[in-house]
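Everything below concerns the one structure shown next.
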Amino acid sequence: MNILVINCGSSSLKFQLIESETGNVLGKGLCDRIGIDGSFISFVKGEGEKQKKEAVIKDHSDAIKLVIEALTDPANGVISSLKEIGAVGHRVVHGGEKFKAATLVDDEVIKAIEECNELAPLHNPANLIGVKACRELMGDVPMSVVFDTAFHQTMPEEAYLYGIPYEYYKKYKIRRYGFHGTSHDYVSHVCAEMMERKYEDLKIIVCHLGNGASVSAIDKGKCVDTSMGLTPLEGLIMGTRSGDLDPAILEFICNKEGLDISQVLNILNKKSGVFGLSEGFSSDFRDLEDGYNKNEENSIRAVNAFCYRVVKYIGAYVAAMNGVDAICFTAGIGENTAFVREKIVAHLGYLGVGLNAEANKERGKNILISTDDSKVKVFVIPTNEELEIAKQTLKLLK
Ligand code: AMP
46 MNILVINCGS SSLKFQLIES ETGNVLGKGL CDRIGIDGSF ISFVKGEGEK QKKEAVIKDH
106 SDAIKLVIEA LTDPANGVIS SLKEIGAVGH RVVHGGEKFK AATLVDDEVI KAIEECNELA
166 PLHNPANLIG VKACRELMGD VPMSVVFDTA FHQTMPEEAY LYGIPYEYYK KYKIRRYGFH
226 GTSHDYVSHV CAEMMERKYE DLKIIVCHLG NGASVSAIDK GKCVDTSMGL TPLEGLIMGT
286 RSGDLDPAIL EFICNKEGLD ISQVLNILNK KSGVFGLSEG FSSDFRDLED GYNKNEENSI
346 RAVNAFCYRV VKYIGAYVAA MNGVDAICFT AGIGENTAFV REKIVAHLGY LGVGLNAEAN
406 KERGKNILIS TDDSKVKVFV IPTNEELEIA KQTLKLLK
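46 is the number of the first residue of the sequence shown in the working numbering; add one for each residue after it.
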C-alpha cells in the first residue's frame, strides 16, 4: 500500500510517498515558506533529480493541493490518481500522556491532540493544520497520527518524574516525556534484527545525535528512560540547545544580563549547545570536525563537551538497565561523524567494547562497528522516521 507521510511545520510541509511493504520511496518533497513571500515546492521522483517550482502557497491547504498535483502529475508524477494513496501518516510532536501509541484520526483524536498543544505550542498546532488540511482535501483516505513522545510512554514513574512538588505533575502534567520516539523505536528494532535476537530479550541504548539529540534506554522492548524532558531542551548538549543545566542559572543570567526569562530561554534554545560553546563558530559538526582537526580551541571545547555528555548518559543508562547488549548511533552526527563515535566509544572500555576502526569509516548503511570480541555490540543505523510512520500506519490498518 502507498502511504503518504506528512511532517507539517508552521511554514513548511515535508512529504514522502512510501510503498509500505517494501519501504521504497516513490517520491518526496517539501513545500516551504507557506504563507510567506517566495514560497515553493520541491519534488524528487524516486532516485531522480530534485525539481523546484515557485508557487503561491497561501496556507497548508494550498500546500496539500500542490503535493497531490506533484504526485499525480502525468509527466513527472509517481501515481495516476489519489486513489493510489492508501493512507496518510502524520507526524505529531506531542501526544502528552493521552497517546501511548500511534492512532487513526477522528474528531475525538484531533480534540485530544489539541489538549496537548500547550505542551508543544510551536509544533502541535502546526502538525494539526496538516492533518485538518488533508482531511478536507482527501476525503475518506484513512489517516494516522504518529507521536514523537509515544514510544517513551512506557517510562516508569521514577524516570519521568522531576524532583519538584508532586502537585505540579497532578495539576499541569509537568513530567519528562522525551522526543525523537519514532527514531528510537525504528533504530532499536533494526538493531534487534541485526543481532538476530528477540527485541523483548535485549537491553539497547540508542544515541540519536542530530542537531537535536537524545539518548534512550530500551529494556526488554520497552523504553525505560530518555534524555529529553518536558521539552526537547533537556539532556544532551545539542547543536544550539544547552541540554541539562542547573535551573538557578536562569535567574543568574537574567540578573547579570538584564534579560527576562523568555529571552534567556531563547538563548538556551538557539544560542547554546556546541554553537554557544564554540563562541558562535558553528552548530554543524562538519565545521566543528574541521576546527577540531586544525586544533582550534573553540571546536575542541565544544566537541569534547558534547561527547562527554553522551558518555555520561550511556553510563547512566547502563546502570538504569543493569547492563546493556547494544549501543546504536543514529541521525546526522551519529551516522556521519566517525571521530565523534570514536571519541565516545573510547570511554566504553569498562563495558568490554572495542571499536572496529575500518567499519567505523563506513557511511550510509546499517553496520556493526564494534570488534567481533566486543561484549557489547555497537551499531550505526541510519534512522528513517518516515518509514517508521508508514509502518505504524500500515499496522493500524491491518
Ligand atoms: P540531523 O538533525 O539529524 O539532520 O543532523 C544534523 C547535523 O548532523 C548537522 O548539523 C551536522 O552537524 C551533522 N551532519 C550531517 N551530515 C554530516 C556529515 N556528512 N558529516 C558530519 N556531520 C554531519
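We put the beta carbon where it would ideally sit given N, CA and C, even for glycine.
Cβ distance (whole Å) where residue i is taken to contact residue j below 8 Å
{"i": "residue 48", "j": "residue 63", "result": "5 Å"}
{"i": "residue 69", "j": "residue 90", "result": "Wrong, their Cβ atoms sit about 12 Å apart, outside the cutoff."}
{"i": "residue 72", "j": "residue 133", "result": "Between residue 133 and residue 72 the Cβ distance is about 14 Å, and since that is not below 8 Å, they are no contact."}
{"i": "residue 386", "j": "residue 411", "result": "Between residue 411 and residue 386 the Cβ distance is about 14 Å, and since that is not below 8 Å, they are no contact."}
{"i": "residue 192", "j": "residue 269", "result": "About 18 Å; that fails the 8 Å criterion."}
{"i": "residue 419", "j": "residue 399", "result": "5 Å"}
{"i": "residue 127", "j": "residue 183", "result": "7 Å"}
{"i": "residue 318", "j": "residue 273", "result": "That pair is no contact at about 13 Å."}
{"i": "residue 417", "j": "residue 247", "result": "Actually they do not touch by this definition, with Cβ atoms about 19 Å apart."}
{"i": "residue 169", "j": "residue 158", "result": "6 Å"}
{"i": "residue 226", "j": "residue 262", "result": "Not confirmed; about 13 Å, so no contact."}
{"i": "residue 439", "j": "residue 424", "result": "Residue 439 to residue 424, Cβ: 25 Å. No contact."}
{"i": "residue 56", "j": "residue 80", "result": "6 Å"}
{"i": "residue 275", "j": "residue 219", "result": "6 Å"}
{"i": "residue 421", "j": "residue 358", "result": "Contact doesn't hold; Cβ gap of about 15 Å is too wide."}
{"i": "residue 101", "j": "residue 84", "result": "7 Å"}
{"i": "residue 299", "j": "residue 172", "result": "The Cβ separation is near 32 Å, so there is no contact."}
{"i": "residue 139", "j": "residue 165", "result": "4 Å"}
{"i": "residue 316", "j": "residue 285", "result": "6 Å"}
{"i": "residue 199", "j": "residue 97", "result": "Residue 199 to residue 97, Cβ: 42 Å. No contact."}
{"i": "residue 336", "j": "residue 326", "result": "6 Å"}
Buried or exposed by the 16-neighbour rule on C-beta atoms within 10 Å, applied to residue i
{"i": "residue 308", "result": "exposed"}
{"i": "residue 144", "result": "buried"}
{"i": "residue 94", "result": "exposed"}
{"i": "residue 442", "result": "exposed"}
{"i": "residue 402", "result": "exposed"}
{"i": "residue 5", "result": "Residue 5 lies beyond the stretch modelled for the chain, which goes from 46 to 443, so this question has no answer here."}
{"i": "residue 37", "result": "What the structure shows of the chain is the stretch from 46 to 443, and residue 37 is not part of that stretch, so it cannot be assessed."}
{"i": "residue 67", "result": "exposed"}
{"i": "residue 257", "result": "buried"}
{"i": "residue 277", "result": "buried"}
{"i": "residue 297", "result": "exposed"}
{"i": "residue 115", "result": "buried"}
{"i": "residue 354", "result": "buried"}
{"i": "residue 306", "result": "exposed"}
{"i": "residue 349", "result": "exposed"}
{"i": "residue 436", "result": "buried"}
{"i": "residue 323", "result": "buried"}
{"i": "residue 264", "result": "buried"}
{"i": "residue 125", "result": "exposed"}
{"i": "residue 389", "result": "buried"}
{"i": "residue 391", "result": "exposed"}
{"i": "residue 142", "result": "exposed"}
{"i": "residue 221", "result": "buried"}
{"i": "residue 291", "result": "exposed"}
Residue(s) in a DSSP beta bridge with residue i
{"i": "residue 273", "result": "DSSP output for residue 273 lists no bridge partner at all."}
{"i": "residue 200", "result": "Beta-bridge pairing links residue 200 to no other residue."}
{"i": "residue 135", "result": "51, 190"}
{"i": "residue 179", "result": "In the DSSP output, where bridge partners are listed per residue, residue 179 has none listed."}
{"i": "residue 371", "result": "249, 422"}
{"i": "residue 99", "result": "85"}
{"i": "residue 90", "result": "72"}
{"i": "residue 148", "result": "190"}
{"i": "residue 400", "result": "415"}
The ligand HEM heavy atom lying under 8 Å from the CB of residue i
{"i": "residue 382", "result": "For the structure depicted, the ligand HEM is absent and the ligand set comprises only the ligand AMP."}
Checklist entry - What residue ranges within the region 47-80 form continuous beta strand (DSSP E) runs of no fewer than 3 residues, ordered along the chain? => result 47-53, 57-64, 69-77
Next on the checklist: Whether or not the region 104-113 and the region 172-183 are in contact is what I'm after, with contact meaning three or more pairs of Cβ atoms, one per stretch, closer than 8 Å; do they touch?
Outcome noted: yes
Checklist entry - Where in the region 207-295 do unbroken runs of the alpha helix (DSSP H), each at least 4 residues long, occur, reported from the N-terminal end onward? => result 211-217, 226-240
Next on the checklist: Taking contact to mean 3 or more Cβ pairs, one atom from each stretch, closer than 8 Å, check whether the region 413-432 and the region 227-247 are in contact.
Outcome noted: yes
Item to check | Validate contact between the region 373-382 and the region 253-269 using beta carbons, cut 8 Å, 3 pairs | outcome: yes
Next on the checklist: Taking 8 Å as the cut-off, does the region 197-211 touch the region 329-344 (at least 3 CB pairs, one atom from each stretch)?
Outcome noted: no
Next on the checklist: Does the structure place the region 150-158 close enough to the region 187-202 that three or more beta carbon pairs sit under 8 Å?
Outcome noted: yes
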